[in-house]
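Chains as they are written, first to last, in our numbering: chain C, 1 to 113; chain Z, 114 to 229.
A virtual CB, placed ideally from N, CA and C, is assigned to each residue, including glycine.
Note sheet for the following structure.
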Amino acid sequence: DAKTTQPPSMDCAEGRAANLPCNHSTISGNEYVYWYRQIHSQGPQYIIHGLKNNETNEMASLIITEDRKSSTLILPHATLRDTAVYYCIVRLPLNRNTGKLIFGQGTTLQVKP
Amino acid sequence: GAVVSQHPSRVICKSGTSVKIECRSLDFQATTMFWYRQFPKQSLMLMATSNEGSKATYEQGVEKDKFLINHASLTLSTLTVTSAHPEDSSFYICSATSSGTAREQYFGPGTRLTVT
Numbered sequence: 001d002a003k004t005t006q007p008p009s010m011d012c013a014e015g016r017a018a019n020l021p022c023n024h025s026t027i028s029g030n031e032y033v034y035w036y037r038q039i040h041s042q043g044p045q046y047i048i049h050g051l052k053n054n055e056t057n058e059m060a061s062l063i064i065t066e067d068r069k070s071s072t073l074i075l076p077h078a079t080l081r082d083t084a085v086y087y088c089i090v091r092l093p094l095n096r097n098t099g100k101l102i103f104g105q106g107t108t109l110q111v112k113p
Numbered sequence: 114g115a116v117v118s119q120h121p122s123r124v125i126c127k128s129g130t131s132v133k134i135e136c137r138s139l140d141f142q143a144t145t146m147f148w149y150r151q152f153p154k155q156s157l158m159l160m161a162t163s164n165e166g167s168k169a170t171y172e173q174g175v176e177k178d179k180f181l182i183n184h185a186s187l188t189l190s191t192l193t194v195t196s197a198h199p200e201d202s203s204f205y206i207c208s209a210t211s212s213g214t215a216r217e218q219y220f221g222p223g224t225r226l227t228v229t
């Protein structure tokens, strides 16, 4: 699976958009980009994923560059409860032998009042 | 999303004893389950992949005789830490995925193991 690079930490003001970048320059054609987050002492929570097109759901938006070498997770209106470690992961489609999620160090997002 | 539970949420055991941690998918059938370990201020480290009805596949450096994984049914996987030592104290997290169209991995809440 391709490796990702994320900034170790970011701050965001409450109510503003949080834009979390991720570089995955060695991503292959059939690897997806996944975002999870982990609030302190809890299991990771799925946020969103995409292959080529931009995606949006009730939690966030995912913007993937045309060359797929980087992406940005956007939390449109960050709240204090969004303070967490955000992980960007690329992986192959899941089947019995592939699709493992390999976690990097992630970005610690601190939302401030 | 789908719900994955873990039991117990916290456990304290004495050095040399064995501890079993259960991971259950509550509202879907999990053909594949994953076990992770997380030390303080570190990221999750994948320990093993468990497919229902077959032996678990362990990541490099993970002792399969120390961390016994059983995935006997489509809703339950267990991790047994045998002959636990203080260095095994960690946060153990499982995740599960189905074979249907919704192929996401859903994570359990984690189990905090402390070995004294």
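Could you spell out the range, first to last residue, of the beta strand (DSSP E) harbouring residue i?
i, result
"residue 64 (chain C)", "61-64"
"residue 209 (chain Z)", "203-210"
"residue 27 (chain C)", "Here residue 27 (chain C) belongs to no beta strand (DSSP E), and DSSP marks it neither H nor E."
"residue 5 (chain C)", "Careful: residue 5 (chain C) lies outside any beta strand (DSSP E) and carries neither H nor E."
"residue 154 (chain Z)", "Looking at the DSSP string, residue 154 (chain Z) is not in any beta strand (DSSP E), and its letter there is neither H nor E."
"residue 110 (chain C)", "107-112"
"residue 228 (chain Z)", "224-228"
On the three-state DSSP scale, how would you describe residue i?
i, result
"residue 16 (chain C)", "coil"
"residue 81 (chain C)", "helix"
"residue 135 (chain Z)", "strand"
"residue 200 (chain Z)", "helix"
"residue 68 (chain C)", "coil"
"residue 173 (chain Z)", "coil"
"residue 147 (chain Z)", "strand"
"residue 130 (chain Z)", "coil"
"residue 41 (chain C)", "coil"
"residue 92 (chain C)", "coil"
For residue i, list the residues DSSP reports as bridge partners.
i, result
"residue 183 (chain Z)", "Z:191"
"residue 48 (chain C)", "C:35"
"residue 218 (chain Z)", "Residue 218 (chain Z) is not bridged to any residue."
"residue 116 (chain Z)", "None, per the DSSP bridge assignment."
"residue 56 (chain C)", "C:61"
"residue 73 (chain C)", "C:20 and C:62"
Taking only the alpha-carbon atoms, compute the straight-line gap between residue i and residue j and give it to the nearest angstrom.
i, j, result
"residue 170 (chain Z)", "residue 179 (chain Z)", "14 angstroms"
"residue 228 (chain Z)", "residue 198 (chain Z)", "6 angstroms"
"residue 207 (chain Z)", "residue 160 (chain Z)", "10 angstroms"
"residue 72 (chain C)", "residue 154 (chain Z)", "24 angstroms"
"residue 131 (chain Z)", "residue 11 (chain C)", "42 angstroms"
- prompt: Which residues, in order along the region 157-188 of chain Z, keep a beta-carbon less than 9 angstroms from a beta-carbon of chain C?
  reply: 157, 158, 159, 162, 164, 167, 170 and 172
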